[in-house]
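Novice: Sharing a structure with you now.
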Amino acid sequence: MLYASTPEDVTPTPLARVLHWLLPAHCLGCGEPDWRPRASLGLCPPCRSLLVRWPARTSCARCGRLIGAQELPPGYCCGRCRSAPPPFAALLSTWTYQPPLDAVLMGFKFRRLDYLGVQLGRALAEIHRREIGDVAAVVPVPLYWTRLLARGFDQAAILARSLAGELGLPYRRALRRRRPTLHQSRLAKDERRRNLETAFAVRDRAAWPGTRLLLVDDVTTTGATLRAAAGALSRAGAEVTALTVGRTPGPSEHVRLKAPMVEKGHTRCKKDTGSSRGGARGTSKDGWTGAGLV
Ligand SMILES: [Zn+2]
Ligand SMILES: [Zn+2]
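Per the working numbering, the sequence shown runs over residues 133 to 426.
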């Protein structure tokens, strides 16, 4: 036995010290040697404590965009979602994409540390189980085949499979990537729409009408890829909740994370039709309308 206790509380034995000296494991965050085998998310306890949860309670209930510093009543959403509802009922993110989470996801993606995918799936299940609610299957955002070939590793698939296992749900590869999602900022308005609408194809279309699906990816930045993937599933009749490990703050969100301010005029998201099954935030399938804030 190499360790006197659990991986979370490690007292290395003399043999473990020797093995560690020969094959040292290092924290993905700070690079310090870590005695624990497959330490929690590959991080030492001080680095683990630096992970910052995405501030969901002060963010739009639908797209997850950070609105301000004050806690919002359940179901409040931003103006963008009121004027142009996204194709997902909610976009849930777990942590802010910043050190040391970036190192964890880079290790997972580029060093092929599969155990991180398993641990991340477990963490996502524990954190979001209630919000995820009653879904029929877990679906990964697929990689384009050239990227999969080059990388040889599909991080969203590993993550989604682990999450599905933790939640006791089926894992389904419901999407196929037709091509990489192009950068929206480089495209004209019509091209943007086409870019999003044609990036993904749905497999087995007859299976999804009226089904709630959990769409999983590792990181979201602009949300464009998730919108494209969720849009394809939505057009096939599914109701989609999206979930990512990390979320990169936009420029205004960076400011708010440092010196938060409450956005004026945001209004409560309210469903037009469909059921409210999106979890604690009262999300809906067909879009929400503003109902006036306080
Ligand atoms: Zn560390
Ligand atoms: Zn929003």
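Just so it is clear, CB atoms sit at the ideal spot from N, CA and C, and this is done for glycine as well.
None of these values were measured; they are calculated from a predicted model.
For residue 210, write down the residues that DSSP places opposite it in a beta bridge.
Specialist: Paired residue(s): none; residue 210 is not in a bridge.
Novice: To which residues does DSSP link residue 158 through a beta bridge?
Specialist: 165
Novice: Would residue 307 and residue 361 qualify as a contact pair, given that the criterion is a beta-carbon distance under 8 angstroms?
Specialist: yes
Novice: If we ignore side chains and look at the alpha-carbon of each, how far apart do residue 245 and residue 290 end up?
Specialist: 10 angstroms
Novice: Can you list, in chain order, the residues of its chain with a C-beta nearer than 7 angstroms to that of residue 359? Leave out the 5 residues immediately preceding and following it.
Specialist: 218, 219, 328
Novice: Which same chain residues, not among the five before or five after residue 160, have their C-beta less than 7 angstroms away from its C-beta?
Specialist: 174, 175, 232, 235, 236, 239
Novice: The alpha helix (DSSP H) with residue 178 in it runs from where to where?
Specialist: 177-180
Novice: Roughly how many whole angstroms lie between the Cα atoms of residue 147 and residue 212?
Specialist: 58 angstroms
Novice: What does the alpha-carbon distance come out to for the pair residue 208 and residue 193?
Specialist: Their Cα atoms are separated by approximately 6 angstroms.
Novice: Would you check if there are 3 or more beta carbon pairs closer than 8 angstroms linking the segment 341-352 to the segment 268-282?
Specialist: yes
Novice: CA-CA distance, residue 331 and residue 292?
Specialist: If you draw a straight line from the Cα of residue 331 to the Cα of residue 292, it is about 20 angstroms long.
Novice: Going by alpha carbons, who is nearest to residue 188 out of 202, 179, 177?
Specialist: 202
Novice: Please enumerate, following chain order, all residues with a beta carbon closer than 5 angstroms to at least one heavy atom belonging to ligand 1.
Specialist: 159, 161, 162, 176, 179
Novice: What would DSSP say about residue 330, mapped onto helix, strand or coil?
Specialist: The answer is helix: DSSP assigns residue 330 an H, G or I state.
Novice: Return yes when the C-beta of residue 212 is under 7 angstroms from any heavy atom of ligand 2, and no when it is not.
Specialist: yes
Novice: Measuring only from the beta carbon, is residue 194 closer than 7 angstroms to any heavy atom that is part of ligand 2?
Specialist: yes
Novice: Quick one: grab the DSSP three-state call for residue 349.
Specialist: In the structure shown, residue 349 sits in a strand (DSSP, three-state: E or B).
Novice: For residue 203, which three-state DSSP category applies?
Specialist: coil
Novice: CB-CB under 7 angstroms to residue 249, same chain, minus the five flanking residues each way: which ones, in chain order?
Specialist: 240, 287, 290, 291, 294
Novice: Sort 285, 210, 273 by Cα distance to residue 303 and report the nearest one.
Specialist: It is 273 whose Cα lies nearest to the Cα of residue 303.
Novice: Extract the residue ranges of the beta strand (DSSP E) inside the segment 214-247, only unbroken runs of 3 or more that lie entirely within it.
Specialist: 222-228
Novice: If we ignore side chains and look at the alpha-carbon of each, how far apart do residue 323 and residue 363 end up?
Specialist: 16 angstroms
Novice: To the nearest angstrom, how far is the alpha carbon of residue 215 from that of residue 348?
Specialist: 25 angstroms
Novice: Is residue 359 close to ligand 2? I mean its beta-carbon at under 7 angstroms from any heavy atom of the ligand.
Specialist: The beta carbon of residue 359 sits no closer than 7 angstroms to any heavy atom of ligand 2.
Novice: Taking Cβ positions only, does residue 200 come closer than 8 angstroms to chain C?
Specialist: Among the chains in the structure shown there is no chain C, since it carries only a single protein chain.
Novice: Would you please state the rounded distance, in angstroms, between the beta carbons of residue 264 and residue 373? I believe it to be under 8 angstroms.
Specialist: 6 angstroms
Novice: Starting from residue 265, follow the alpha helix (DSSP H) in both directions and report where the run begins and ends.
Specialist: No alpha helix (DSSP H) holds residue 265; DSSP gives it neither H nor E.
Novice: In this structure, how does DSSP classify residue 147 when only helix, strand and coil are distinguished?
Specialist: helix
Novice: If you check the beta carbons only, do residue 228 and residue 256 fall under 8 angstroms apart?
Specialist: no
Novice: Counting only runs that start and end within the segment 335-380, where is the beta strand (DSSP E) found for 3 or more residues in a row?
Specialist: 344-352, 371-379
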